[in-house]
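*Asks:* My structure is below; once you've seen it, I'll send some questions.
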Amino acid sequence: MKRAWLVRAGRHGERETLALEQGLAVVGWPELWDLSGHATRASLMDALRQAFPDDGTKRLLNWQAQLWAFLHTISEGDLAVLPLKTSPAVAIGQVTGPYTYRPDLPPDARHTRPVKWLATDLPRTKFAQDLLYSLGAFLTVCEVKRHDAARRLDSLVQAGRDPGWAGPGALLAGAVRESDATPSDEETSAVDIERYAADQISARIAERFAGHGLARLVEAIFAARGMTTWRSPEGPDGGVDVLVGSGPLGMDSPRICVQVKAASAAVEVGVVRELQGVVGRLKADQGLLVAWGGLTHAADREIRQQFFHARVWKADDVIRELTAVYSKLPGDIQAELPLKRVWTLAEGEETA
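So in numbering that gives the first Met the number 0, spot 51 of the sequence shown is number 50, and the numbers just go up one at a time.
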């Protein structure tokens, strides 16, 4: 059966654009040269020891397992999954060929597998929490198989939705049952708790502040900053959900028109252009588009061209702004969205 593999593109997403534009899954380890000649795990370990003489055996074994999977275990037809660091979205593609060393690429992107990217901007809001947890593994390369992950990821590409896990009794013929499987890589790896927490908050907001409720939350964020706000009633709004102004009457600059799109689907370029027209008609200084499901590529290009006139808040941006003023939010909103700040030890990422 088709398998699914998490293949990250840099700790901070520094190789994501290259991977998506050139149709590749890429991993780091720039200290290593062409690995195509390593046909055994022992040979690969020798190369790692030579390149990293000061690293311990445990770390080298970890890297050996990831690189061996990238070189030999991943098969053509398997799914490559890239949770993006630069936006709250996930890219999913199909591996189309073997490992290739690419000396023409930057040093940290020369270990590659060709991938046909089938979806490059699936909003994280479309993924169920258990699947997002699996995609939070810190490893650069690992198989994602918990809770029938491969079938569900394939459904996200084909139908745009996560059908969820129906339990071991619903597994397709030939699939490995959870009780029979060895622990999968994403289960044994440390998980990005910060990312997982953001996904949980995002899910609660989508549940409790659906539709026009998201405009209410955005208005509360600006009010907590000490700005004067007006929110349109539910129904046709003429392209304006919230108006924000400074000063005692809200007439001072900056004067901001806010359009809120709470759907999980990516916002099209027409919405960006509509916002531009509303900003001009109302003589506002700036426009803000709250796009909970992110933007299409065309809409993203359009908003970047309006750098000095418009901004976009995606789901992660809303959460960042929300947590910055959380203590000043109204009690009813805090009751619907109860948050607690927790300090935790920062885990080291087993990536390169």
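Glycine included, every Cβ here is placed at the ideal spot set by N, Cα and C.
S201 bridges to which residues according to DSSP?
*Replies:* In the DSSP output, where bridge partners are listed per residue, S201 has none listed.
*Asks:* Nearest-angstrom Cα distance between T39 and Y98?
*Replies:* Using only the alpha carbons, I get a separation of about 15 Å.
*Asks:* Anyone know if the C-beta pair for V241 and T227 falls short of 8 Å?
*Replies:* No; because the gap between Cβ atoms is not below 8 Å, this pair is not in contact.
*Asks:* Under the rule that 16 or more other beta-carbon atoms within 10 Å means buried, what is T295, buried or exposed?
*Replies:* T295 comes out buried.
*Asks:* Decide if the segment 299-319 is in contact with the segment 282-289; the criterion is three or more beta carbon pairs, one per stretch, under 8 Å apart.
*Replies:* As far as the Cβ criterion goes, the segment 299-319 touches the segment 282-289, which means the pair count is three or higher.
*Asks:* Which stretch, first to last residue, makes up the alpha helix (DSSP H) that contains T95?
*Replies:* From DSSP, T95 is part of no alpha helix (DSSP H); its letter is neither H nor E.
*Asks:* Could you tell me the alpha carbon to alpha carbon distance between V278 and Q305, rounded to whole angstroms?
*Replies:* Each residue's alpha carbon lies about 12 Å from the other.
*Asks:* Using beta-carbon positions only, say whether D161 and L134 come within less than 8 Å of one another.
*Replies:* It is not a contact, given that the beta carbons lie outside the stated cut-off.
*Asks:* Kindly list the residues whose CB is nearer than 6 Å to the CB of A24, restricted to its own chain and excluding five residues on each side of it in sequence; keep chain order.
*Replies:* Here the set comprises V6, A79, R112 and V114.
*Asks:* Whole angstroms is fine: what's the gap from M82's alpha carbon to P247's?
*Replies:* The identity of residue 82 in the sequence shown is Pro, whereas the question assumes Met. Each residue's Cα considered, the two are about 44 Å apart.
*Asks:* Compute the Euclidean distance between the alpha carbons of F69 and T139, then round it to the nearest angstrom.
*Replies:* Near 10 Å, if we compare the C-alpha coordinates of T139 and F69.
*Asks:* Check whether the segment 327-337 and the segment 191-211 are in contact - that is, three or more C-beta pairs closer than 8 Å.
*Replies:* The segment 327-337, when compared against the segment 191-211, does touch it at the 8 Å Cβ threshold.
*Asks:* Nearest-angstrom Cα distance between A196 and R300?
*Replies:* Those two C-alpha atoms are separated by around 29 Å.
*Asks:* DSSP beta-bridge partners for S245?
*Replies:* According to DSSP, S245 bridges with D251.
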